[in-house]
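Colleague: So that we are looking at the same thing, I have put the structure below in C-alpha cells.
Protein chains: 2
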Amino acid sequence: MNIIILGGGFAGLKLADQLDAQKGFNVLLIDRFNYHQFQPLFYQVATAGLDASNISFPLRKAFHKSRNVRIRIAEVLEIRKWDQKVVTDIGEYPYDILVIATGAETNFFGNKSIETHAWPMKSTVEALRIRHHLVQNFENVLEEKNPALRNELLTIVIVGGGPTGVELAGAIAEMKQFVLPKDYPEIDFSEMKIYIVEGQSKLLGVMSPQSSETAAEYLTKMGVNVLTQAFVENYDGKSLQLKDGQQIPCRTVIWAAGIKGNVPQGIDPSLIARGNRIKVDAHNLIPGTNNIYALGDIAYMETEDYPNGHPQVAPVAIDHAKLLAHNLRAMKKGEPLKAFVYKDKGSMATVGRHRAVADIPKPKLHLKGTLAWFAWMALHLMQILGVKNRIVTFVNWMYNYFTYDQSLRLIFREFNKNEGQRAERRVQRKLEEVGSGE
Amino acid sequence: MNIIILGGGFAGLKLADQLDAQKGFNVLLIDRFNYHQFQPLFYQVATAGLDASNISFPLRKAFHKSRNVRIRIAEVLEIRKWDQKVVTDIGEYPYDILVIATGAETNFFGNKSIETHAWPMKSTVEALRIRHHLVQNFENVLEEKNPALRNELLTIVIVGGGPTGVELAGAIAEMKQFVLPKDYPEIDFSEMKIYIVEGQSKLLGVMSPQSSETAAEYLTKMGVNVLTQAFVENYDGKSLQLKDGQQIPCRTVIWAAGIKGNVPQGIDPSLIARGNRIKVDAHNLIPGTNNIYALGDIAYMETEDYPNGHPQVAPVAIDHAKLLAHNLRAMKKGEPLKAFVYKDKGSMATVGRHRAVADIPKPKLHLKGTLAWFAWMALHLMQILGVKNRIVTFVNWMYNYFTYDQSLRLIFREFNKNEGQRAERRVQRKLEEVGSGE
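Residue numbers (the working numbering), protein chains in the order written: chain H, 79 to 516; chain R, 79 to 516.
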C-alpha cells in the first residue's frame, strides 16, 4: 500500500517513523526542505543562541536504515484525487493513502504593509534572516549620526504575545543586557528599546492567568515594553502604527502574531475551517474522502473538549501521528479504529535565564522561575532529534549559561549579495534586450 | 597614531591582536564580513563535515576586551593617498598608517565560461553554496531517467591539485564511500565519478616528490581519477573540455586552481607583481610610500630564498603581522627595524581518514598515514580561534570519526529562492516601467 506523507514536521516525521519497517506499508515522505525543522527553538537561532544545524535534522539521515520509507524534496503543486496522484515540481506520485501534514505558515491577515516590511519566523531560514538583520542593524547604528534614525535602528518590536513572541522578546532583552554592549562598546544600549505588542488583554493567552502575569513581570523587569490590547494597523519599514493612533518608530518588526494552514491545491474549499485548517473527523480523515488524512497544525478537529479545534502545538501533532499509525495497522488487520483524544500534558514558555513559566494540568500546578526553566530545557533537549544535535545543543546552552556569550553573530550574507548582483545583471540584460528590440 | 587594517584574515587579525592594548596605537580593523574565516577548513564546510560557524569567528568577539581596536564591516572603495583616507561604502576613515591585508580571491585566469559555471571556494559562504549544490545534485539524480544526464550529475570534477583540491577530492571520495549510499539507497554510487585535474606534472606542487606521490596513491585508492598535465579549456555547465580534446561530461566543477590578490583601488599599478600581489620591501612597506604596508597573501616580497615571493599560506601571513607589530613598536621607540625572514615549518595536506602527508624541513622528514593525519588534526585544532569553536570542531571530528556520518547535509536555500523571486519581481517592475514609458 502506497502511503504518501506531505510534510516532514512533527506529525509527518513521527508517522513515517512509526510506519518504518512495517510490512505492507510503502511510504513516501515529501517535503520542501531536506530537513526536519525543530520549530520551538527558531527564536534561539534568530538571536544567535543556537546554530541553524542544531535544530535541523536531515530527513534522509532519519531513515538511513529504513527499507520502506523513501524521501523526495519537492514542492507539492496539486493533489489530483481523480487518479490518486500527488503532483510535484519534480514528478507525480501515486498514492493509496494520502496524509497531509503540511503545517502552518505566517498569517499576515492580509496586511500587505506588514507582509512587505516585517520579518516572519516560521522556518529555519527565516530565523537566520532575522539574525542577519539584527546584527547588521547594530553595524548600521555605528555610523548613524541622526538621532531619530539611530532611535529607529535601536528599536525592535515583536508583534504577538504567544510563546514565540514572549521567548523572542526575552532572548533579545538578554542580548541587550549581556552580549551587545560587549560587541558594540561604541553604542549606548540604554537607548535600545524592545516592545512586545499583543492584541489580547494578556500575554500567553492559552496559559493560566498566573503564568501570563509572571511572564509579563519577567519581561518588564528585563526592560521589555509590554503592550496588550494593542493592534497593529500599518508598518512602512520605519514606523509602526497602532490602531489607537500610537506610532513606534522602528526598523525591525518581527511578526509572530498569527499562523494559517498550508493547504495544498486540490482540497475542497468547503472543508477549510478557521485559520485555514482542514476539517477532519475523529480519525483525522478528511470528510468526503476515504483515503486522505490531515495531521498536526493543518488539521481541524472539533471535539467536546475542544469545540474550536486543538491547539496547534507539537504534542497534538505527534499524538495525531501515533494514532493514525495505530489505525492504519488496525485497518489492515480489520480491527476497530480508535478515536482521537487529546491528553494535555501542559504548556510552558521560557523568558530568560532562570525565568520560565509552566502550567501542568494534572496535578494542577503552575511552575515558575528556575525550576520551570530547567524543566523547559530538559523537555526541549529530549525532543530534539538525533544524539549529536542533542549534545551540541547542550554544549551550546551550557557555554551560553556560563559565558553569556555565543560566537554565532555571523552574517553569512554573500548569498543575498551574489543573488542581488545577479538580479541586477538580469535586469540589465532584460533592459538591453528591450532596448535593442525598439 | 591611527592605524587602519584592511582585512580580518590571518594577517590582519594577528596584527590587530598584537597591537591590542598597546598605548599610542589607535586601530581600526575593516572587513567585508563580520567574522574571521578559517580558510584551511573551507573544504570541510563544503563537504558537510563542519558547520560554517565552527570555522567563522566573529571579529567583534575577538576584541571584546579591547579599548583601542575598533571594527567596521564595510566594502573598501578606494585608498585616497593625498589626504590619507580609506573610502568605504559606509564612510571615510583617516589613517596615519595603512595596512593592506586583503588576501586573495579566486583566479579564473580570464576564462568566462569557468567563471560562470564553476564553483569557487574562497569564502565560507562559497563553501556553503558548494555544499547546497552537492546535496541538491543527488536529489536531482533520483528523478533523472536519462542515463547520460545521470552520468553528468554523478560526475564531480575538482580543478587544481594543490592542498585545497586534494583535500576536497579526498573528502568527496569519503562521502561517496561512507555517507551518500546511506542517504540515497536508490542511487548506485558505483556510477559516481570524481576527478582531480592538475596542470603540473604532480599533485601538491609545493611539497616533496614523496608526499605528492603518496597523495596521488591515496586518492587513486579512494577511487578518484587523478589527471596531471591536464589543462582546462572550457566548461559550459555540462561538459568540461580539456586542452588535449578530452571531454568530461559533468554538472559540478569546483575551481581551486588559482588565486589572485585582492588589490584595493588607489594602488599604483606599477607596484602590482605576478598573481596580482603588491610589491613590498623587507619590512612589508610598499615602495614609494612611507606609511602603507601589505601583509599576507597580497604581499609580494622577493628575497634570496624566495626569488618569486613567499608561499601564500597562513604561517607567512601570521609572521608578517608579528614582524610589523614589532617594527611599529620599534619605530615609536626609535629602535632599528627587523627585516622579514621566513622560517618554513613545513607543509601538510590531508586526503582522508588516516591518510595525510607532511613535509618537515628541519629535521628533514616526510610523514604519511595515521601519524601525519593526527598531526594535521592537532595543528588545525590549535590554530582555530576561540575555545568554543575548538571544542565543537573536536566534537564534530570525533563524531565523524566514529560514525562516519555528520548531520550537516542541509540545504538552507530559501535565501536564494526569495532573492530569486524578488529579482524576478524587480525585473518585472523594470519592464513594466519601460513598457509604460513608451
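For glycine and all other residues, C-beta sits at the position ideal for the given N, C-alpha and C.
Counting only Cβ pairs nearer than 7 Å, list the residues of chain H close to K260 (chain R).
Modeller: Chain H residues near K260 (chain R): H142.
Colleague: Throw me the rounded Cβ distance for the N362 (chain H) and A377 (chain H) pair, which I believe falls under 8 Å.
Modeller: Indeed they touch by this definition, with Cβ atoms about 6 Å apart.
Colleague: Rounding to the nearest angstrom, what Cα-Cα distance links D383 (chain H) and G374 (chain H) in this structure?
Modeller: Each residue's alpha carbon lies about 17 Å from the other.
Colleague: Report all residues from its chain with a CB closer than 6 Å to the CB of N494 (chain H); omit the five preceding and five following residues, and keep chain order.
Modeller: Here the model assigns N494 (chain H) a pLDDT of 39, short of 50, so the residue's position is not dependable, and the following value carries that caveat. Once the five neighbours on either side are set aside, N494 (chain H) has no close Cβ partner at all.
Colleague: Listed from N- to C-terminal order along the chain, which residues in the segment 101-120 of chain R have their beta-carbon within a distance smaller than 8 Å of any beta-carbon of chain H?
Modeller: Correct list: F111, N112, Y113.
Colleague: Strictly below 9 Å CB to CB, what residues from chain H border G430 (chain R)?
Modeller: Residues of chain H passing the Cβ test: none, with the nearest at roughly 21 Å.
Colleague: Spatial neighbours of L445 (chain H) within its chain, please: CB distance less than 6 Å, with the 5 preceding and 5 following residues excluded, ordered by chain position.
Modeller: The answer, listed in chain order, is A436.
Colleague: Checking contacts by CB at 7 Å: is V203 (chain H) closer than that to chain R?
Modeller: So yes, V203 (chain H) belongs to the interface.
Colleague: Taking DSSP as the reference, what is the three-state secondary structure of I157 (chain H)?
Modeller: Here I157 (chain H) sits in strand by DSSP.
Colleague: How should N224 (chain R) be labelled, buried or exposed, when 16 other C-beta atoms within 10 angstroms of its C-beta is the threshold for buried?
Modeller: When all chains shown are included, N224 (chain R) counts as exposed.
Colleague: Beta-carbon of E492 (chain R) versus every beta-carbon of chain H: anything under 7 Å?
Modeller: Because the pLDDT of E492 (chain R) is 45, which lies under 50, any placement of that residue in the model is unreliable, and the number read from its coordinates should be weighed accordingly. True, the Cβ-Cβ gap to chain H drops below 7 Å.
Colleague: In three-state terms, what does DSSP make of E492 (chain H)?
Modeller: Low confidence applies to E492 (chain H): its pLDDT is 44, below 50, so where it sits in the model is not reliable, and the reading given next is rough at best. Helix, per DSSP.
Colleague: Could you tell me if W160 (chain R) is buried or exposed, where buried requires 16 or more neighbouring beta carbons within 10 angstroms of its beta carbon?
Modeller: The residue is exposed, with fewer than 16 neighbouring Cβ atoms inside 10 Å.
Colleague: Which same chain residues, not among the five before or five after T36 (chain R), have their C-beta less than 6 Å away from its C-beta?
Modeller: One cannot answer for residue 36 (chain R) here, as it falls past the ends of chain R, which runs 79 to 516.
Colleague: So S279 (chain H) contacts chain B; which residues on that side make the cut at Cβ distance below 7 Å?
Modeller: No chain B is present in this structure, whose protein chains are H and R.
Colleague: DSSP three-state call for A453 (chain R): helix, strand or coil?
Modeller: If DSSP states are grouped into helix, strand and coil, A453 (chain R) belongs with the helices.
Colleague: Short of 8 Å in beta carbon distance, which residues of its chain neighbour Q325 (chain R), apart from the five on each side in sequence? Order them along the chain.
Modeller: Once the five neighbours on either side are set aside, the close Cβ partners of Q325 (chain R) are S317, L318, Q319.
Colleague: Give me whichever residues DSSP pairs with F135 (chain R) in a beta bridge.
Modeller: Paired residues: R:H114.
Colleague: Restricting to runs no shorter than 3 residues, where is the beta strand (DSSP E) found entirely within the segment 144-220 of chain R?
Modeller: For the segment 144-220 of chain R, whole beta strand (DSSP E) runs of length 3 or above, ordered along the chain, are 147-151, 154-158, 163-166, 169-172, 175-178, 182-184.
Colleague: What three-state label does DSSP hand N354 (chain R) in the structure shown?
Modeller: Note: N354 (chain R) maps to helix in three-state DSSP.
Colleague: Between the alpha carbons of S134 (chain H) and L91 (chain H), how many angstroms are there, rounded?
Modeller: For S134 (chain H) and L91 (chain H), the distance between alpha carbons rounds to 13 Å.
Colleague: Are any of the Cβ atoms in chain H nearer than 7 Å to that of N215 (chain R)?
Modeller: No, no contact with chain H.
Colleague: Does any CB atom of chain H fall closer than 7 Å to the CB of D167 (chain R)?
Modeller: Answer no: the Cβ-Cβ gap between D167 (chain R) and chain H never drops below 7 Å.
Colleague: With a floor of 3 residues, list each beta strand (DSSP E) that falls wholly inside the segment 278-319 of chain H, ordered by position along the chain.
Modeller: Counting only runs of 3 or more, we get 302-305, 310-313.
Colleague: Could you spell out the range, first to last residue, of the beta strand (DSSP E) harbouring T242 (chain R)?
Modeller: Element bounds for T242 (chain R): not the beta strand (DSSP E) but the alpha helix (DSSP H), 241-252.
Colleague: At the 7 Å Cβ level, is I274 (chain H) part of the contact set with chain R, yes or no?
Modeller: Answer no: the Cβ-Cβ gap between I274 (chain H) and chain R never drops below 7 Å.
Colleague: Skipping 5 residues on each side, what residues in its chain have a beta carbon closer than 7 Å to that of T471 (chain H)?
Modeller: Same-chain partners within the cutoff: L128, N132, L459, I462.
Colleague: In its own chain, which residues sit with a C-beta less than 8 Å from the C-beta of R431 (chain H), not counting the 5 before and 5 after it?
Modeller: Result list for R431 (chain H): E252, W451, Y479, in chain order.
Colleague: Pop quiz: A152 (chain R) and I108 (chain R) are said to be a contact at Cβ under 8 Å. What is the actual Cβ separation, rounded to whole angstroms?
Modeller: About 6 Å; that satisfies the 8 Å criterion.
Colleague: Mind reading off the beta-carbon distance from I234 (chain R) to I272 (chain R)? Whole number of angstroms is fine, and I expect it under 8 Å.
Modeller: Indeed they touch by this definition, with Cβ atoms about 5 Å apart.
Colleague: Is P347 (chain H) a contact residue of the ligand GTP, with contact defined as CB to any heavy atom under 6 Å?
Modeller: Only the bare structure without any ligand can be found here, which leaves the ligand GTP out of the picture.
Colleague: The beta strand (DSSP E) that contains H388 (chain H), what's its start and end?
Modeller: Note, H388 (chain H): premise wrong, no beta strand (DSSP E); not H, not E.
Colleague: Chain H partners of E291 (chain R), CB-CB under 8 Å?
Modeller: The premise fails here: E291 (chain R) is roughly 37 Å from chain H at the closest Cβ pair, so nothing lies under 8 Å.
Colleague: DSSP three-state call for N229 (chain R): helix, strand or coil?
Modeller: Reduced to three states, the DSSP call for N229 (chain R) is helix.
Colleague: Could you check the C-alpha separation between G277 (chain R) and Q96 (chain R) for me, to the nearest Å?
Modeller: The straight-line gap from Cα to Cα measures roughly 40 Å.
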